[in-house]
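Heads up: the sequence lines are chains V and L, in that order. Mapping of the first sequence onto this note's numbering: residues 1 to 303, in sequence order. Mapping of the second sequence onto this note's numbering: residues 1001 to 1303, in sequence order.
Number of protein chains: 2
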Amino acid sequence: MKIKDLGEIKLIKRLAKGVRCDKSVVKGIGDDTAVIAWKRDTYMLYTCDMLIEDVHFRRKRATPFQIGWKALGRTISDIAAMGGVPRYALVSAAIDPELPVSFADGVYKGMKALANKFGVNLVGGDTCRSKKIAIDVSLIGEVERKNLVTRCGAKPGDLILVTGAIGGSVKGKHLTFMPRLDEARSLVKKFKLNAMIDVTDGLLLDLWRILDASGAGARIHQSLIPVSDEADSFEKALSDGEDFELLFTMSPLEARRFFKTQLVRMKTPVTLIGEVTDKRDGFRLVMEDGKQEKVTPEGYVHF
Amino acid sequence: MKIKDLGEIKLIKRLAKGVRCDKSVVKGIGDDTAVIAWKRDTYMLYTCDMLIEDVHFRRKRATPFQIGWKALGRTISDIAAMGGVPRYALVSAAIDPELPVSFADGVYKGMKALANKFGVNLVGGDTCRSKKIAIDVSLIGEVERKNLVTRCGAKPGDLILVTGAIGGSVKGKHLTFMPRLDEARSLVKKFKLNAMIDVTDGLLLDLWRILDASGAGARIHQSLIPVSDEADSFEKALSDGEDFELLFTMSPLEARRFFKTQLVRMKTPVTLIGEVTDKRDGFRLVMEDGKQEKVTPEGYVHF
């Protein structure tokens, strides 16, 4: 069997077999970010993301600055989705040595701009040569134990919320997005979130991940979902991916408190799109005409 | 100017400009491993290494198991060279989806075998598609503050020692080497090492790195350097690279204590190859015929 026939989700489950972790590992393979008990009051968060030329960007359409920005921004978004703060980054870069030095300058300028904005320490990395550019950023973050949010705490009755608007990111946002770090920190500090993820592979697939990890179902409403002007259609917006928005659930009481106190103060819009249901009710999308569609995991699967 | 014309060492120095780090960063860009003050009694070590098909291995000559072994082994060797213990690894893998699943199985089998041997927790990663295989491993380690060894503590008068034998690694050892972790730990726990590095880019270039960072010179002796049977010649052995041996310096008193007490107990041979001198004396190689050659940084530079 070929790797593409197995699919990414099954591949990762298969490769994880036989991996032994000690007691300090709170969340290992399977989440976007590992959670490690390292200090007494905080968890260490540990994540990486690889950017490959012609998969995640095209050299003709992205500036070097944007490539660097995106490479680091994706990992900051991962840390934000756990409620944490990014601290230390390493950058492995495979670059074509025939490229001008100004290209490398631009990539690192993009990374440094974002690192300085969010107080991330760029502490090292590795460089090697390759015809196709590959940039892997690994990032260590930190979160107060009480503020950790994972994918797996969604409860039936929870409301489902999303920041910003989804879809059409490929037209530019995927290269220029601002990781929702300030929003996530402000949320976890003031409210009890039950589950959170950043939308990287499409709203449907990433919500499915929360539901799968939490053992729950959901009902979301077409009329509520905030679709970006850049999206080609509602259907496409649901699986476009690389939105880097926060998707999270909280109890109705907590959501009520959030909308009462926060909405005017938060610059980034937060929209209610549906509710978490019992697992037996499945994952359903209620269309504007009242029809209900059953949702199955799709969106951007890498293999 | 092209990246290849600038060279790797200058490129890294250039890219590091404008990077801001807070006080917790003890060693940032420039060392193979970052050192971070995170807990009270220990430093966090943080390193990454990228393996690229046709640069670091050829698919025809390396088994998937060996590719995985090497990918993780290189980072363990980095942590060992700082005197530390490896703890948590992330693996970013770009793989051709047309490859059989057994290929991915093999790569992860190689990593898991080494991880389990040294108690490394594989806590996650990222997978994506790419025609050429790229595997980036990032590794977090830990070292008691008193046991940290860096490149920059070599003092004139120190003796220079190396584990194992160098050269000819390309004939197979680079795919099957055992990281010198047990040796390094046993050394730093019992002896005072002034500087250490793992030999990845050739004995000469890596010793030059110690001398450059320490502000010192050195005199090493052809007749003392342990050359592997696999090496094509003495000259080639000095710059072959990927030996993954430990190269370190200690005071003559400490070295004497080492040779008196340890040699019989340590399975891996340790050989005295020369002494650290004043910076003004430069870096010299004393040949068997008594002639002295001046050494300039060479070996395997990536661009």
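Where is the CB? At the ideal position from N, CA and C, for every residue including glycine.
Discussion item. My parser needs the beta strand (DSSP E) runs of 3 or more residues fully inside the stretch 1160-1243 of chain L; what are they?
Written reply: 1195-1198 and 1217-1221
Worksheet item: How would you list, in chain order, the residues of chain V whose beta-carbon sits under 7 angstroms from the beta-carbon of methionine 1001 of chain L?
Response: Pro100 and Val101
Worksheet item: Closest by CA to arginine 1020 of chain L, which one among V/Tyr108, V/Asp289 and V/Leu161?
Response: V/Tyr108
Worksheet item: So the beta strand (DSSP E) proline 1086 of chain L belongs to, where does it begin and stop?
Response: DSSP places proline 1086 of chain L inside the beta strand (DSSP E), whose first and last residues are 1085-1095.
Item to complete: Kindly provide the ranges of any beta strand (DSSP E) runs that are 3 or more residues long and lie completely inside the stretch 1024-1060 of chain L, ordered along the chain.
Response: 1025-1027, 1034-1037 and 1042-1052
Worksheet item: What did DSSP end up calling alanine 255 of chain V once you bin it into helix, strand or coil?
Response: helix
Practice prompt. Round the Cβ separation of alanine 104 of chain V and isoleucine 1052 of chain L to the nearest angstrom and send it over; I've been treating them as touching at under 8 angstroms.
Written response: Not really, about 16 angstroms apart at Cβ, beyond 8 angstroms.
Practice prompt. With a threshold of 16 other CB atoms inside 10 Å of the CB of valine 149 of chain V, please say whether the residue is buried or exposed.
Written response: Classification of valine 149 of chain V: buried, given that the 10 Å Cβ count is 16 or more.
Worksheet entry | Under 9 angstroms from the C-beta of aspartate 158 of chain V: neighbouring residues of chain L | Under the 9 angstroms cutoff, chain L gives no residues; its nearest Cβ is about 26 angstroms from aspartate 158 of chain V.
Practice prompt. Per DSSP, which residues does aspartate 105 of chain V bridge with? Please list them.
Written response: The partner list for aspartate 105 of chain V (beta bridge, DSSP) is empty, contrary to what the question assumes.
Worksheet item: Looking at C-alpha atoms only, which residue of L/Gln1066, L/Leu1122, L/Leu1090 and L/Gly1007 is the closest neighbour of glycine 1110 of chain L?
Response: It is L/Gln1066 whose Cα lies nearest to the Cα of glycine 1110 of chain L.
Worksheet item: Can you give the Cα-Cα distance for valine 1085 of chain L and valine 1143 of chain L, rounded to whole angstroms?
Response: 6 angstroms
Item to complete: Please list, in chain order, all residues of the same chain as alanine 1255 of chain L whose beta carbon is under 6 angstroms from its beta carbon, the five residues on each side excluded.
Response: Leu1159
Item to complete: Would you mind telling me which residues of chain L sit closer than 9 angstroms to asparagine 121 of chain V, beta carbon to beta carbon, in chain order?
Response: Val1019, Arg1020, Cys1021, Asp1022, Ser1024, Val1025, Gly1028, Ala1034 and Ile1036
Discussion item. Suppose contacts are defined by Cβ-Cβ distances below 8 angstroms. Is alanine 1081 of chain L in contact with methionine 1250 of chain L by that definition?
Written reply: No, these two residues do not count as a Cβ contact at 8 angstroms.
Worksheet item: So which of V/Cys128, V/Lys131 and V/Gly141 has the shortest CA-CA distance to valine 120 of chain V?
Response: V/Gly141
Fill in: Residue environment, glycine 1058 of chain L, which counts as buried when at least 16 other CB atoms sit within 10 Å
Residue 1058 of chain L is actually arginine in this sequence, not glycine. The residue in question, arginine 1058 of chain L, is exposed, as its Cβ has fewer than 16 Cβ neighbours within 10 Å.
Worksheet item: Closest to glycine 1157 of chain L by CA distance: which of L/Ser1092, L/Leu1211 and L/Asp1240 is it?
Response: Among L/Ser1092, L/Leu1211 and L/Asp1240, the Cα nearest to that of glycine 1157 of chain L is on L/Leu1211.
Worksheet entry | Any chain V beta carbon closer than 8 angstroms to isoleucine 1095 of chain L | With 8 angstroms as the cut-off, isoleucine 1095 of chain L counts as an interface residue toward chain V.
Item to complete: Compute the beta-carbon to beta-carbon distance between glycine 1153 of chain L and glutamate 1245 of chain L, rounded to the nearest angstrom, for a pair I have assumed lies under 8 angstroms.
Response: In this structure glycine 1153 of chain L is not in contact with glutamate 1245 of chain L, their Cβ atoms being roughly 19 angstroms apart against a cut-off of 8 angstroms.
Worksheet entry | Cβ neighbour criterion (16 or more within 10 Å) applied to glycine 299 of chain V | With a pLDDT of only 49 at glycine 299 of chain V, under 50, the local geometry of the prediction cannot be trusted, and the value read off the model is given with reservation. Glycine 299 of chain V is buried by the Cβ-count criterion.
Item to complete: With a cut-off of 8 angstroms on the beta carbons, I'd call isoleucine 166 of chain V and phenylalanine 118 of chain V a contact; round off their distance for me.
Response: Between phenylalanine 118 of chain V and isoleucine 166 of chain V the Cβ distance is about 23 angstroms, and since that is not below 8 angstroms, they are no contact.
Item to complete: Keeping to the same chain, check which residues put their C-beta closer than 6 angstroms to that of valine 1026 of chain L; ignore five residues upstream and five downstream.
Response: Val1035 and Ala1037
Worksheet item: Name the DSSP bridge partner or partners of aspartate 136 of chain V?
Response: Answer is V/Met50 and V/Ser92.
Item to complete: Could you work out which residues of chain V lie near methionine 1082 of chain L, taking near to mean beta carbons separated by less than 7 angstroms?
Response: What methionine 1082 of chain L touches in chain V: nothing, since even the nearest Cβ is about 12 angstroms away.
Worksheet item: For tyrosine 1108 of chain L, which residues in chain V fall below 7 angstroms Cβ to Cβ?
Response: Leu15
Practice prompt. Taking only beta-carbon positions, decide if glycine 1217 of chain L is within less than 8 angstroms of chain V.
Written response: no
Worksheet entry | Simplified DSSP state of glutamate 288 of chain V, which is helix, strand or coil | coil
Worksheet item: Does any CB atom of chain V fall closer than 8 angstroms to the CB of cysteine 1152 of chain L?
Response: No, its Cβ sits nowhere closer than 8 angstroms to a Cβ of chain V.
Worksheet item: Are three or more beta carbon pairs between the stretch 272-291 of chain V and the stretch 209-223 of chain V nearer than 8 angstroms?
Response: They touch, by the three-pair rule.
Worksheet entry | Closer than 7 angstroms at the beta carbon, the chain V residues around aspartate 1136 of chain L | Met50, Ser92 and Asp136
Worksheet item: The beta strand (DSSP E) with arginine 129 of chain V in it runs from where to where?
Response: Counting along the chain, the beta strand (DSSP E) containing arginine 129 of chain V begins and ends at 121-129.
Worksheet item: What is the rounded straight-line gap between the Cα of arginine 185 of chain V and the Cα of aspartate 78 of chain V?
Response: Just so you know, the alpha carbons of arginine 185 of chain V and aspartate 78 of chain V end up roughly 13 angstroms apart.
Item to complete: Spell out whether any CB of chain L is found under 8 angstroms from the CB atom of serine 169 of chain V.
Response: Chain L contact via Cβ: absent.
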